[in-house]
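Visitor: Please read through the structure below; I'll follow up with questions.
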Amino acid sequence: MNPQAKLLSISSLFLGSTITITSNHWIMAWTGLEINTLAILPLISKSHHPRAIEAATKYFLVQAAASALLLFSSMTNAWYTGQWDITQLTHPTSCLLLTTAISIKLGLVPFHFWFPEILQGTSLTTGLLLATVLKFPPITLLLLTSPSLNPTLLTTMAVASAALGGWAGLNQTQTRKILAFSSISHLGWMAIILVYNPKLTLITFYLYCLMTIPIFLTLDTIKTLKLTTMSTAWTKIPPLTATLMLMLLSLAGLPPLTGFLPKWLIIQELTKQEMTPTATIIALLSLLGLFFYLRLAYCATITLPPNSINHMKQWQTNKSTKMLTTTFITLSIMLLPLSPMIFAAP
Numbered sequence: 002m003n004p005q006a007k008l009l010s011i012s013s014l015f016l017g018s019t020i021t022i023t024s025n026h027w028i029m030a031w032t033g034l035e036i037n038t039l040a041i042l043p044l045i046s047k048s049h050h051p052r053a054i055e056a057a058t059k060y061f062l063v064q065a066a067a068s069a070l071l072l073f074s075s076m077t078n079a080w081y082t083g084q085w086d087i088t089q090l091t092h093p094t095s096c097l098l099l100t101t102a103i104s105i106k107l108g109l110v111p112f113h114f115w116f117p118e119i120l121q122g123t124s125l126t127t128g129l130l131l132a133t134v135l136k137f138p139p140i141t142l143l144l145l146t147s148p149s150l151n152p153t154l155l156t157t158m159a160v161a162s163a164a165l166g167g168w169a170g171l172n173q174t175q176t177r178k179i180l181a182f183s184s185i186s187h188l189g190w191m192a193i194i195l196v197y198n199p200k201l202t203l204i205t206f207y208l209y210c211l212m213t214i215p216i217f218l219t220l221d222t223i224k225t226l227k228l229t230t231m232s233t234a235w236t237k238i239p240p241l242t243a244t245l246m247l248m249l250l251s252l253a254g255l256p257p258l259t260g261f262l263p264k265w266l267i268i269q270e271l272t273k274q275e276m277t278p279t280a281t282i283i284a285l286l287s288l289l290g291l292f293f294y295l296r297l298a299y300c301a302t303i304t305l306p307p308n309s310i311n312h313m314k315q316w317q318t319n320k321s322t323k324m325l326t327t328t329f330i331t332l333s334i335m336l337l338p339l340s341p342m343i344f345a346a347p
């Protein structure tokens, strides 16, 4: 891809996100989301592979439908209340339409179908942007409107997302699809606490990004797209694949790694809100995710597949791991001791 075109797309991506995050008027927020959609399309389709073109087309259609719903929601609210302010969304129909629109944009169940297919059709670096940067503006809109949203609807969608994210990831062999279902599952954890503690949703999203970014960067470094290639890739950069196991276990939410922190705080908050059965259900559903994270970790570090006589061995590379990757790896594994600082925050 032309460097100037790539720079323009990435700059537009950050511009669109910034416009949505900083706006307090629905039209500006919608404009930012549209800029984001148009900016990511060239990055999705840059390989000119039929799968990439298909992914770009699907992404455009889905996001256009979600943006239209969002605009319709804000116009309905303005029609009945005379308010264009994001925080003044009070009309019930508008709230329902907004929840649907943002769920489509994020990929929450039952509007999740597009996300694994699109992630599978793109490169790992574009997939990283889709799973992290592009989720931030819709989550910001959810945070701003959280007092008006329906808690029962959000809880139902959250539990369904955690269940489907774990279940559908069990039989996947493609690493990008596994990470897509992992994202859907984590979105469930974010949505379940949104109405009760919006700050906790934001902390969960930040920590999810911290854990997902190094996994995508590591898979991109060792050029791994399937579980079968992951089994033989350990010889390329052995220390990196060893830490990949810790990153995956952190994403699964095992103590004493970073990923345990958001799950711990969310279960604690749900218990405070007298939602112990919901907390129990979502905690048990996270075991489904743990299974496929363990399978990924097992393929990455422990196993060697049966080798035929003419199997070509992967040679160890001399190139060093990038500083960015190593920084994110450290953060994705070792942030749990900082939890008292989060408790102390107002």
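With this note's numbering applied, the sequence shown corresponds to residues 2 to 347, in that order. Glycine included, every Cβ here is placed at the ideal spot set by N, Cα and C. All of these numbers come straight from a predicted model, not from anything done at the bench.
Taking all protein chains shown into account, decide if L62 is buried (16 or more other Cβ within 10 angstroms of its Cβ) or exposed.
Guide: Taking the sequence shown and counting its residues from 1, the one referred to as residue 62 is at position 61. Exposed, because fewer than 16 other Cβ atoms sit within 10 Å of the Cβ of L62.
Visitor: By the three-class DSSP mapping on this structure, what secondary structure does H187 have?
Guide: As a first step, residue 187 is located in the sequence shown; it is residue number 186 there, counting from the start. Correct three-state label for H187: helix.
Visitor: Report yes if the C-beta distance between L188 and T259 is below 8 Å; otherwise report no.
Guide: In the sequence shown, counting from the first residue as 1, residue 188 sits at position 187. In the sequence shown, counting from the first residue as 1, residue 259 sits at position 258. Taking 8 Å as the Cβ cut-off, L188 and T259 do not qualify as a contacting pair.
Visitor: Does the beta carbon of M2 fall short of 7 Å from some heavy atom of the ligand ATP?
Guide: No copy of the ligand ATP occurs in the structure displayed, which carries no ligand at all.
Visitor: In chain order, what residues of the same chain have a beta carbon less than 7 Å from the beta carbon of I103, not counting five sequence neighbours either side?
Guide: Within the sequence shown, numbered from 1, the residue matching residue 103 stands at position 102. Answer for I103: P139, L142 and L143, listed in chain order.
Visitor: What residues in its chain sit with their C-beta under 8 Å from that of L155, if we drop five residues either side in the sequence?
Guide: Residue mapping note: residue 155 aligns to position 154 of the sequence shown, counting from 1. Around L155: T100, A192, I193, L195 and V196.
Visitor: How long is the line joining the alpha carbons of T219 and I238, rounded to whole angstroms?
Guide: For this step, residue 219 is matched to residue 218 along the sequence shown. For this step, residue 238 is matched to residue 237 along the sequence shown. Cα to Cα, T219 sits roughly 10 Å from I238.
Visitor: With DSSP as the reference, identify every bridge partner of H26, one or two as the case may be.
Guide: Looking up residue 26 in the sequence shown gives position 25. Answer by DSSP bridge pairing, in chain order: D86.
Visitor: So for Q175, helix, strand or coil by DSSP?
Guide: In the sequence shown, counting from the first residue as 1, residue 175 sits at position 174. Correct three-state label for Q175: strand.
Visitor: Is A163 closer than 8 Å to S74 when the C-beta atoms are compared?
Guide: Position 73 of the sequence shown, counting from 1, holds the residue named residue 74. Position 162 of the sequence shown, counting from 1, holds the residue named residue 163. Their beta carbons are not under 8 Å apart, which means S74 does not touch A163 by this criterion.
Visitor: With a CB to CB cut of under 7 Å and the five nearest residues on each side skipped, what residues in its chain are close to C300?
Guide: One-based indexing of the sequence shown puts residue 300 at position 299. So the qualifying residues of the chain are L228, M231 and S232.
Visitor: With the cut-off set at 8 Å, would you say S149 and T58 are in Cβ contact?
Guide: Taking the sequence shown and counting its residues from 1, one reaches residue 149 at position 148. Taking the sequence shown and counting its residues from 1, one reaches residue 58 at position 57. No, Cβ-Cβ distance for S149 and T58 is not below 8 Å.
Visitor: Starting from F329, trace the alpha helix (DSSP H) in both directions and tell me its first and last residue.
Guide: For the purposes of this step, residue 329 is identified with residue 328 of the sequence shown, where counting begins at 1. Its alpha helix (DSSP H) spans residues M324 to M335.
Visitor: Have a look at H26, E275 and L42 and flag the residue whose alpha-carbon is nearest the alpha-carbon of I11.
Guide: Within the sequence shown, residue 11 is the residue found at index 10, counting from 1. Among H26, E275 and L42, the Cα nearest to that of I11 is on L42.
Visitor: Is it true that the CB of S183 sits closer than 8 Å to the CB of G290?
Guide: One-based indexing of the sequence shown puts residue 290 at position 289. One-based indexing of the sequence shown puts residue 183 at position 182. The answer is yes: Cβ separation under 8 Å.
Visitor: Among Q64, T21 and L39, which has the Cα closest to the Cα of W31?
Guide: Looking up residue 31 in the sequence shown gives position 30. For the residues Q64, T21 and L39, the minimum Cα distance to W31 belongs to T21.
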